[in-house]
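Residue numbers (the numbering used here): 714 to 1479.
Idealized CB from N, CA, C, for every residue including glycine.
Before any comments, here is the structure.
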């Protein structure tokens, strides 16, 4: 019997597509019997699979019904107890039985979950061990063939590992009491990983060899900045077809294994106190860098005396192959779910780490030994040159990192150390101390000729980028010389990838520069004081220059301390609650305050000597001022002296400290005149009061150049003169300690006793 073909409209689209694909030409009809046989076999397999699934479903349903029957029986028992409970005694029994039943149900549920979990883990661990065993056996039989099946087995093992880890993570959070189960599974997984990871690394290394990695190193002119085409020199860009797939599979397998290890460590360390770093260098990138490092060191050994070639070669290699990290390898890292990893950064970090390791083992010991030899000065110069090369190299490396377009947290110490050749000092702080010592010695050597140059002391700072408005400080040029050296040390220190080491470096190399400058200022002041006790103008000028230099230096340092660089060191200091150079700034402030006070006292002593006769002459307050004179003759010399000295100070001292000098001087003269004149028990007649008023007016005039109301800075003398100038009728009732009268007349700076003495010394004409 011939069965007719079905109509075309009755066929599904998938069937039509299948027929169009298989029967495109008349010749394909010859293959129809074979195609029919294949379809028959496929249908038979599908029916068999369906039968198996039905059997599994039946088994599951049977198990479910058995479990549900047990639960139903327990529920029926509970209902029976509830229905039969009548008395209080039965209620107590009911509660106890309910608790017992609840515990029994919970125990059975726990046992069931435990058995299911253990069974699932057993199955997964079995799959892992089978895959690892299969992979090992296949490698033993065919070490160079059947790559695809090997990778399939490895990825199957990795997937099983991930599934097992998912279960363990869930169990550790929900059932922490099952620690023995977790420990047992971890032990077996660790054994599997101990085989799987070395095997994956070995296969990856074989792949690198097959793609001709490492690339040839161009060492003829490593300083050349001409960049060849990456596609022509980079073996990773030359990968195509199966070889590319094999390499990518090997790279991806390592990344997935590392992601798995990070998850496992994170789970195992959960709840432990202390700080743990789960971020490790990317294994696959390290395997790329290691052979390059070995090949490079053969050239490095010839360049011990030419370290610039070493840095140039490392930078060139790093730069030439960094693009392939972004374009080829980063997608594989993302596929492996390795969050927080940048292939560009890992490549650069691995290259810098290999360089730092080589420097620590081979270069620094040689350079340190040279410092102990006879030609120490040349060794110090070479050392500083080497540090310059390191700083320059680190800046280029940061540029490479930034070119990815992704903002990386390179300002944090941990990340800075990964991409800095100066991280070698993090492991050897004693080498940092040597560097600081050499840096300080070099700065002092360069400052010595400037200290001996008197022009640096006599000329002032005209313009400076170190601080805004520097011309107002009138600081000697030597202060700028010290600040430039200190600024240079600080700038070099900023490249150190650790806050505490930067702080240590500034304490060792920077702070002594400040102290040396302060010693120099103090010596200049002591020389001036020792020669003339500051009685002549030249000595005063020398002291003003030191004060100006101290003020300028202090202002610059305070501005620097507002920068983030200094604030970080202040916060990170172990025993330092303030700024890193607060102690040095305080020393400068103390020095300046002491010598400003000395300037004021020196001028006052001279004024005291010049006005001695004027103060002792009590009879003059009974007489008028000599005709034709606006001031007492004996007071003119003191006023001339005062004006001359203050003119010298005003011309040479910075404005801020000059204000402190004249205010301090005004206070001293006010106290001096009040005690020497107003409290001298002299008798003041009308003519004497007029004389004193004229003298005080001229004295106030000396200070009027620096303030609007100079009498306000002579409070006691001004109020004493005010009392003397009062008429007789104004003071009646004001004696005998009338505080109300004192307040009414705005006398604020004199005591009742002082007011009484002044009023009693006043003699009015009849």
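query: Under 8 angstroms by Cβ, that's how I've got residue 1463 and residue 1429 pegged, so tell me the actual separation to the nearest angstrom.; result: 6 angstroms
query: Out of 965, 1345, 1158 and 886, state which residue places its alpha-carbon closest to the alpha-carbon of residue 984.; result: 886
query: Which word fits residue 1333, buried or exposed, when buried means at least 16 other C-beta atoms lie within 10 angstroms of its C-beta?; result: buried
query: Apart from the five residues on each side of it in sequence, which residues of its chain come closer than 8 angstroms, Cβ to Cβ, to residue 1122?; result: Note that residue 1122 has pLDDT 46, beneath the 50 cutoff, so the model's placement of it is unreliable and no number is given.
query: Roughly how many angstroms separate the alpha carbons of residue 1200 and residue 1011, rounded to a whole number?; result: 39 angstroms
query: When DSSP labels each residue in this structure, what does residue 927 get in the three-state scheme?; result: coil
query: Could you check if residue 971 is buried or exposed, using at least 16 other CB atoms within 10 Å of its CB as the buried criterion?; result: buried
query: Pull up the DSSP beta-bridge partners for residue 1326, would you.; result: In the DSSP output, where bridge partners are listed per residue, residue 1326 has none listed.
query: Can residue 1271 and residue 1187 be called in contact, C-beta distance under 9 angstroms?; result: no
query: Can you look up residue 1318 in the DSSP assignment and give me helix, strand or coil?; result: helix
query: Considering only the beta carbon of each residue, do residue 1366 and residue 1260 sit closer than 9 angstroms?; result: yes
query: Give every residue of the same chain whose Cβ lies closer than 6 angstroms to the Cβ of residue 1020, excluding the five residues on either side of it in the sequence, and list them in chain order.; result: 1099 and 1102
query: Can you list, in chain order, the residues of its chain with a C-beta nearer than 8 angstroms to that of residue 930? Leave out the 5 residues immediately preceding and following it.; result: 1005, 1008, 1009, 1012, 1026 and 1030
query: So is residue 1085 buried or exposed if we call it buried at 16+ other beta carbons inside 10 Å?; result: exposed
query: Does the structure place the region 1374-1392 close enough to the region 1210-1217 that three or more beta carbon pairs sit under 8 angstroms?; result: no
query: If you draw a straight line from the alpha carbon of residue 1481 to that of residue 981, how long is it in whole angstroms?; result: With the chain covering 714 to 1479 only, the question about residue 1481 has no answer from this structure.
query: According to DSSP, residue 1173 sits in a beta bridge with which residue or residues?; result: 1189
query: Helix, strand or coil, according to DSSP, for residue 1397 in the structure here?; result: strand
query: Relative to the alpha-carbon of residue 1233, which residue among 1256, 1246, 1247 and 1251 has its alpha-carbon at the smallest distance?; result: 1256
query: By a C-beta neighbour count over all protein chains shown, 10 Å radius and 16 as the cutoff for buried, is residue 1038 buried or exposed?; result: buried
query: Could you pull the start and end residues of the alpha helix (DSSP H) that residue 1100 belongs to?; result: 1089-1115
query: What did DSSP end up calling residue 1220 once you bin it into helix, strand or coil?; result: helix
query: Are the Cβ atoms of residue 1081 and residue 1016 separated by less than 9 angstroms?; result: no
query: So for residue 904, helix, strand or coil by DSSP?; result: helix
query: I need the boundaries of the alpha helix (DSSP H) containing residue 1535, first residue and last residue.; result: The question about residue 1535 has no answer, for the chain in this structure spans 714 to 1479.
query: Less than 7 angstroms between C-beta atoms, sequence neighbours within five positions excluded: which residues of the same chain meet that for residue 962?; result: 864
query: Note down, in chain order, each residue of its chain lying with its Cβ closer than 6 angstroms to the Cβ of residue 890, except the 5 sequence neighbours on either side.; result: none
query: Determine the direct distance from the alpha carbon of residue 1023 to that of residue 1071, and round the result to whole angstroms.; result: 10 angstroms
query: Answer yes or no: do residue 926 and residue 967 have a C-beta to C-beta separation smaller than 9 angstroms?; result: no
query: In the region 1224-1296, which residue ranges form an unbroken alpha helix (DSSP H) of at least 4 residues, counting only runs that do not cross its ends?; result: 1224-1245, 1250-1274 and 1277-1285
query: Under 9 angstroms, do residue 1028 and residue 898 count as touching if we go by C-beta distance?; result: no
query: For residue 737, which of helix, strand or coil comes out of DSSP?; result: coil
query: Is the beta carbon of residue 1324 sitting closer than 9 angstroms to the one on residue 1348?; result: yes
query: Suppose you measure from the CA of residue 1034 to the CA of residue 947; what does that come to, to the nearest Å?; result: 7 angstroms
query: Measure how close the beta-carbons of residue 1219 and residue 1198 come, nearest whole angstrom, since I'm counting them as under 8 angstroms.; result: With 8 angstroms as the limit, residue 1219 and residue 1198 do not qualify as a contact, their Cβ atoms being about 13 angstroms apart.
query: In angstroms with no decimal places, state the Cα-to-Cα distance between residue 1202 and residue 1064.; result: 28 angstroms
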